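Heads up: the structure comes next, in structure tokens.
Residue numbers (the numbering used here): 3 to 365.
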């Protein structure tokens, strides 16, 4: 009787494990689904870490109770190696070599005026000034008032070259490029949006032209109410009915945003492809507003090196509010650059995004 029970339990567990692996595959490779055709299906990659955690737990169970069956979750890790590597990279730390430049990307949330101190010091401005970065790409960089402008004087004194782009007067969707190298020219990469955009600036680094593309793609437009509901669901504070209703609403809103972001990603990717066909040197930064396994990330990064995947460690969650802990800020580069030490810096939480930085060395 006991033997029969073990066989049944093993069969059930194997079935569960198979379902988890299928879920990992669908979620992990959902980046290949076109969001304009299947927006809901293209949004399912976000909970990939949950499926990965379930497969890891099943590996532990098999090792403890029936180690010969541990091949099943191991198979899951093998077939999903690429999405696992993209979402959760592990790299041997290497110090940046001499001559490498430091690149910083930061959604500064309009410098979050609430953090301005009585002596007109801004934690965000101080962070940028002390970062030692050679190139700084800022999103949501509108300066709200004269007091914040005074707080930014330290940053202005460090960077000889600065360019700010605003699509519409008074818009919060403003992006700034600070550079220790001359900014030669720029071009807005236009795409359908209510305010989001991308800017391609050509910078002269040691006499060589490098195109730096700063992006702020479409937001998910989740209001504070739905964000709070998501937090309650994650904590388990929502009832079953509430969680079901709120989950449907959240998925619908995410799908709508993904459908808008997809053509934006296509526009940026097409621009990058044209640059690459001419042998251009490229650095891409910014807030993609989508996770590492999304169509957006896959499309923009397909012909580039993701600096965090190549040289970072761990999930690198860059959005820090309402337990929506996911890496949506990125630094990418063309093949003529070697990335080192990509880091999402969780030491500062003055904005709703953590800054991401890395060093790049010419090959």
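Glycine is no exception: its CB is placed at the ideal position from the N, C-alpha and C atoms. From a predicted model like this one, the values you see are computed outputs, not experimental measurements.
Inter-residue CB distance, residue i and residue j (contact presumed, cutoff 8 Å)
i           : j           : result
residue 207 : residue 183 : 5 Å
residue 264 : residue 119 : That belief does not hold up - the Cβ atoms of residue 264 and residue 119 are roughly 41 Å apart, past 8 Å.
residue 285 : residue 362 : 7 Å
residue 202 : residue 176 : Residue 202 to residue 176, Cβ: 16 Å. No contact.
residue 27  : residue 81  : 6 Å
Per DSSP, cross-strand counterpart(s) of residue i
i           : result
residue 133 : According to DSSP, residue 133 bridges with nothing at all.
residue 2   : Residue 2 falls outside the range modelled here, since the chain spans only 3 to 365, and no answer is possible.
residue 87  : In the DSSP output, where bridge partners are listed per residue, residue 87 has none listed.
residue 147 : Residue 147 is not bridged to any residue.
residue 346 : 358
residue 200 : 191, 217
residue 294 : Bridge partners of residue 294: none, in fact.
residue 141 : 109
residue 332 : 288
residue 321 : 355
residue 206 : 211
residue 283 : 212
residue 340 : 363
residue 103 : 362
Cβ neighbour criterion (16 or more within 10 Å) applied to residue i
i           : result
residue 48  : buried
residue 111 : buried
residue 212 : buried
residue 318 : buried
residue 141 : buried
residue 308 : buried
residue 158 : exposed
residue 78  : buried
residue 352 : buried
residue 236 : In this predicted model, residue 236 has a pLDDT of only 48, less than 50, meaning its place in the structure is not dependable; the value taken from the coordinates is given anyway. With fewer than 16 Cβ atoms within 10 Å of its Cβ, residue 236 is classed as exposed.
residue 313 : buried
residue 348 : exposed
residue 145 : buried
residue 333 : buried
residue 356 : buried
residue 35  : buried
residue 344 : buried
residue 147 : exposed
residue 69  : exposed
residue 124 : buried
residue 65  : exposed
residue 100 : exposed
8 Å Cβ cutoff met for residue i and residue j
i           : j           : result
residue 130 : residue 114 : no
residue 342 : residue 194 : no
residue 29  : residue 59  : no
residue 287 : residue 198 : no
residue 294 : residue 94  : no
residue 92  : residue 272 : no
residue 200 : residue 270 : yes
residue 262 : residue 292 : no
residue 87  : residue 328 : no
residue 266 : residue 41  : no
residue 22  : residue 56  : yes
residue 31  : residue 85  : yes
residue 320 : residue 346 : yes
residue 163 : residue 185 : yes
residue 306 : residue 274 : yes
residue 260 : residue 45  : yes
residue 283 : residue 338 : yes
residue 190 : residue 166 : no
residue 169 : residue 139 : no
residue 122 : residue 96  : no
Cβ of residue i within 8 Å of any chain C Cβ
i           : result
residue 365 : Any reference to chain C falls outside this structure, which holds one protein chain only.
(Q) Does the structure place the region 94 to 108 close enough to the region 133 to 145 that three or more beta carbon pairs sit under 8 Å? (A) yes
Q.
Under 8 Å, with one C-beta from each stretch per pair, do the region 143 to 163 and the region 294 to 312 reach the 3-pair mark?
A. no
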